[in-house]
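Undergrad: Below is a structure I'd like to ask you about.
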């Protein structure tokens, strides 16, 4: 799981590498301070944190007693058992498993676009176009290099004559031919890219990515619990939406929003953060928009989704309830729906919890240490 969704749910500051400015808005910044409040701002008397109800700044009223009419989701037993779908029944080899996700249609499109670039780059001097077998072999070498932890080094070193190197690389394809294929690898029609790029920075791979997304959804059935988070895929090459996040291990890379199965860690839906597009207005609630987009395939499925405080909000929880989805997540202290009694103060004991109930919503404030509360 940790290759896709990190256990540390903090959302760090992230910077648009190309512009050098912080992306979108301050909602993406998370620290311990988000769960704390200045004690001088609180004027609570001892015992005032225990009431029959609590009112937030937005006027939302939370009861200290759970509603007797709260309905418990009773449809979870109707969810199909998690695991590979019937489309994977005929998988008998590694190649079959690969084609389940990277279909022949996807591979054929990559081959066509790559050969278009091949013809453009080599001209009439060399007309030995890339074959499907060569394309699969080259992608297989990239996957194997990643599996062996060699993807970040010089790939040409895989063909060294050292007895310590695996002979499989040299036996699969020559180094020069591999270099040529990788240099010509394309995922769209380059002739029309600039025109399409005016509205989409992800245009160079958008078509193939959408087909790949469809395969993710049709090859695996998730369980009851989903998880949403971000992932920075380390990358230092040229890319208009490359991010710089200093607190991440890789620091530079491409940021993806991911929805995964909490039990198997299988990726179910994903898309990149590409920043604000030309002519696009600034989004006020990025986290909520991301969650709703990632969960579209699961509307009405009675599943639960877990997320961190960059995404979680009371309006989002209510919105998801209308789509037969439930939410568990931490909250930032500045949310207007949080009563002041649920924030940190001197009168609250370490290890204590405070509960608030509003219709089908439950708010919990836990005190892990002095003068701090986690929501």
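In the UniProt record's numbering, the protein residues as written are 1 to 375. Backbone N, C-alpha and C fix where the C-beta goes; we use that ideal spot for every residue, glycine too. Treat the numbers as computed from the prediction; the structure is a model and nothing was measured.
1) How about the region 135-143 and the region 238-251: do they share at least three Cβ pairs that are nearer than 8 Å?
2) Here's the rule: buried if 16 or more other CB atoms are within 10 angstroms of the residue's CB, otherwise exposed. What is residue 166?
3) On a CA-only basis, which of 374, 128, 147 and 138 is nearest residue 329? Give me that one, please.
4) Report back the beta-carbon spacing between residue 349 and residue 58 to the nearest angstrom; my notes put them in contact at under 8 Å.
5) How about residue 315 and residue 62: do their beta carbons lie closer than 8 Å?
6) Using only the alpha-carbon positions, how far apart do residue 148 and residue 257 sit?
7) Check residue 307 in the structure and name its three-state DSSP category.
8) Put residue 218 into one of helix, strand or coil per three-state DSSP.
9) Would DSSP call residue 53 helix, strand or coil?
10) Residues in its own chain within less than 6 Å of residue 211 by CB, not counting five upstream and five downstream?
11) Report buried or exposed for residue 222, applying the criterion of at least 16 other Cβ atoms within 10 angstroms of its Cβ.
12) Looking at residue 226 and residue 298, is the spacing between their C-beta atoms short of 8 Å?
13) For the beta strand (DSSP E) that residue 294 lies in, which residues bound it at each end?
14) Answer with buried or exposed for residue 45, where buried requires no fewer than 16 other C-beta atoms within 10 angstroms of its C-beta.
15) Would you kindly check if the distance between the Cβ of residue 295 and the Cβ of residue 259 is under 8 Å?
16) Would you call the CB atoms of residue 208 and residue 241 closer than 8 Å?
17) Buried or exposed: where does residue 114 fall if 16 or more other Cβ atoms within 10 Å of its Cβ makes it buried?
18) Please name the residue in 276, 186, 185 and 163 whose C-alpha comes closest to that of residue 201.
19) Under 8 Å between the Cβ atoms of residue 313 and residue 335?
20) Buried or exposed for residue 356, please, with buried defined as at least 16 other CB atoms from any protein chain shown within 10 angstroms of its CB.
21) In terms of residue numbering, what span does the alpha helix (DSSP H) encompassing residue 373 cover?
22) I'd like the list of long-range same chain contacts for residue 172, defined as Cβ closer than 8 Å, with 5 residues on each side in sequence excluded.
23) Which residues does DSSP list as the beta-bridge partners of residue 146?
24) Distance, Cα to Cα, residue 112 vs residue 237?
TA: Taking the coordinates as given:
1) They do not touch, by the three-pair rule.
2) Result: exposed.
3) Nearest to residue 329 by C-alpha distance, out of 374, 128, 147 and 138, is 374.
4) Here residue 349 is actually not in contact with residue 58; their C-beta atoms are around 27 Å apart, not less than 8 Å.
5) Not in contact: residue 315 and residue 62 (Cβ atoms no closer than 8 Å).
6) Put simply, the backbone Cα of residue 148 is about 26 Å away from that of residue 257.
7) If DSSP states are grouped into helix, strand and coil, residue 307 belongs with the strands.
8) Residue 218: helix per DSSP, three-state reduction.
9) Looking at residue 53 - three-state DSSP - the assignment turns out to be strand.
10) Only 106 meet the Cβ criterion.
11) Taking all protein chains shown into account, residue 222 has 16 or more neighbouring C-beta atoms within 10 Å of its C-beta and is therefore buried.
12) Yes, the pair counts as a contact, with Cβ atoms nearer than the cut-off.
13) Segment 286-295 is the alpha helix (DSSP H) holding residue 294; no beta strand (DSSP E) there.
14) With a pLDDT of only 41 at residue 45, under the threshold of 50, the placement of this residue in the model should not be trusted; the figure read from the coordinates follows. With a threshold of 16 other beta carbon atoms within 10 Å, residue 45 falls short and is exposed.
15) Going by C-beta atoms, residue 259 is nearer than 8 Å to residue 295.
16) Between residue 208 and residue 241, the C-beta spacing is not below 8 Å.
17) Buried is the call here.
18) Ranking 276, 186, 185 and 163 by CA distance to the CA of residue 201 puts 276 first.
19) Between residue 313 and residue 335, the CB-CB gap stays under 8 Å.
20) Buried: at least 16 other Cβ atoms inside 10 Å.
21) Note, residue 373: premise wrong, no alpha helix (DSSP H); beta strand (DSSP E) at 372-374.
22) These residues qualify, in order along the chain: 137, 140 and 141.
23) Looking at the DSSP assignment, residue 146 forms no beta bridge with any residue, so it has no partner.
24) It is roughly 24 Å from the alpha-carbon of residue 112 to the alpha-carbon of residue 237.
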